[in-house]
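Asks:
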Amino acid sequence: MMSGGGYSHLDDSKASGSVPAAAGPDPPAIRFTDSSLQTFPPSDARGKISGAYRPPTDADDTFSSKGGGGGGGGRGGSAGSDDAAQGGWFRMFSVAAYKPYFDVDTSDVVERIWESVFPFRGTFTEKTSENPDLYGPFWTCTTLIFVAASIATFVTYLSHKWHKKEWNYDINLVTWSAGLFYGYVTFVPLLLYVILKYFSAPAGLVQLWCLYGYSLFIFIPASLLSIVPIEIFRWVIAGVAGFMSATFVAVNLRAHIVNSGERWFLIVAGIFLLQLGLAVLLKLYFFTITV
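Counting from 27, one number per residue, gives the positions in the sequence shown under our numbering.
#1: Below 8 Å, how does it come out for the stretch 144-162 and the stretch 170-181: are there three or more Cβ pairs, yes or no?
#2: On a Cα-Cα basis, can you pick out the residue from 207, 138, 160 that is closest to residue 127?
#3: Using 10 angstroms around the beta-carbon of residue 223, count the other beta-carbons present and answer buried if the total reaches 16, otherwise exposed.
#4: Go through its chain and collect everything with a Cβ distance to residue 204's Cβ below 8 Å, but skip five positions before and after it.
#5: Buried or exposed: where does residue 215 fall if 16 or more other Cβ atoms within 10 Å of its Cβ makes it buried?
#6: Under the assumption that residue 176 contacts residue 244 (Cβ atoms under 8 Å), give the Cβ distance between them as a whole number of angstroms.
#7: Along the chain, where does the alpha helix (DSSP H) that runs through residue 249 open and close?
#8: Could you give the distance in angstroms between the alpha-carbon of residue 217 and the alpha-carbon of residue 313?
#9: Could you tell me which of 293, 206, 276, 284 sits nearest to residue 144, measuring between CA atoms?
#10: Please report the straight-line C-alpha distance between residue 269 and residue 306, rounded to a whole angstrom.
#11: Beta carbon of residue 289, beta carbon of residue 225: below 8 Å?
#12: Mind checking residue 272: buried by the 16 CB within 10 Å criterion, or exposed?
#13: Could you check whether residue 227 and residue 297 sit closer than 8 Å to each other, using their CB atoms as the reference points?
#14: Under the three-state reduction of DSSP, which class applies to residue 144: helix, strand or coil?
#15: So, helix, strand or coil for residue 189, using DSSP?
#16: Would the beta-carbon of residue 136 be found less than 7 Å away from any heavy atom of the ligand NAD?
#17: Between 189, 182, 202, which lies nearest to residue 195 when the distance is taken from Cα to Cα?
#18: Alpha carbon to alpha carbon, how far is residue 150 from residue 134? Give it in angstroms, no decimals.
#19: If contacts are defined as beta-carbon pairs under 8 Å, then residue 308 and residue 281 qualify, I think. What distance do you get, rounded to the angstrom?
#20: Let me check understanding here. Comparing Cα to Cα, which of 274, 242, 301, 213 lies closest to residue 231?
#21: What does the Cβ neighbour count give for residue 165, buried or exposed, with the cut at 16 atoms within 10 Å?
#22: Any idea what DSSP makes of residue 132, helix, strand or coil?
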């Protein structure tokens, strides 16, 4: 029966079809230990997405250690130091060790060649002190080797044809040209490096190689002009090129060693005369034609 209030109130005890809720014990709770919980991202994640790569704990750290520290895998501290030292020495024979000295562009090389053409400026060592290169010296020397040998061969060929003599190609011109210029650019700066260090005016070896390499550029146009079949003209060309090259080296080194003592003049004079000697040798061997 419904009360007088209609549908506004319904007694739960008299409602048909109603079932009282059964009261029972609480359901058991499942507890997890903290050690088995997993966080995201994992703390030991590896790879490009989650972060920087970390090598496994059993990886060989021979190439990553900086020496002095103990190595893994049963290696002692002394063994790790020896491996690091050997890596340093072997690095001299890797391409990566010399990569910074070829990090120049065309504008840098052209500017340094231009400096060698105007030898009295004396600003070459200052401009290249922060970034001496071996790219320009290598290609300057290599170009001079083939230009000198080619022009000398062509001049000899013309002379023999003019006198109607039999001509034979001399392969030794290339061999001697390579030995002369590569040897000069390599060993003369090395000797000068030792001398300057002895007189307490040390200079960078790479910077000396850079200076001497660019100093040979003037001999390339001089070799091209030596094709003119006039002996006195060839001597004038060789003399002018030798004077400009010697002045370029001497003026730039003078600014570096002028305060090293009273013997700086002897060093500069020796450098100047040695460079002139190279010009004379170039003229006598490559451009003195005998038929």
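By construction, the Cβ of each residue, glycine as well, lies at the ideal position given by its N, Cα and C atoms.
Replies: Based on what the coordinates show:
#1: When C-beta atoms of the stretch 144-162 are compared with those of the stretch 170-181, fewer than three pairs fall below 8 Å, so the two segments do not count as touching.
#2: Nearest to residue 127 by C-alpha distance, out of 207, 138, 160, is 160.
#3: Burial call: exposed.
#4: Only 171 meet the Cβ criterion.
#5: Taking all protein chains shown into account, residue 215 has 16 or more neighbouring C-beta atoms within 10 Å of its C-beta and is therefore buried.
#6: Between the beta-carbon of residue 176 and that of residue 244 there is about 18 Å, and that puts the pair past the 8 Å contact cut.
#7: 245-251 is the extent of the alpha helix (DSSP H) around residue 249.
#8: So the alpha carbons of these two residues sit roughly 28 Å apart.
#9: Nearest option by C-alpha distance: 276.
#10: The straight-line gap from Cα to Cα measures roughly 11 Å.
#11: Yes. Within cutoff.
#12: In this structure residue 272 is buried. Its beta-carbon is surrounded by 16 or more other beta-carbon atoms within 10 angstroms.
#13: No, Cβ-Cβ distance for residue 297 and residue 227 is not below 8 Å.
#14: It is coil, neither helix nor strand.
#15: Here residue 189 sits in coil by DSSP.
#16: Annotation note on the ligand NAD: not contained in the displayed structure, which lists no ligands.
#17: Comparing Cα-Cα distances from residue 195 to each of 189, 182, 202, the minimum goes to 182.
#18: In this structure, the alpha-carbon of residue 134 lies about 12 Å from that of residue 150.
#19: The Cβ separation is near 27 Å, so there is no contact.
#20: Of 274, 242, 301, 213, the residue nearest in Cα terms is 213.
#21: Residue burial annotation: residue 165 is exposed, with fewer than 16 other C-beta atoms found within 10 angstroms of its C-beta.
#22: In the structure shown, residue 132 sits in a helix (DSSP, three-state: H, G or I).
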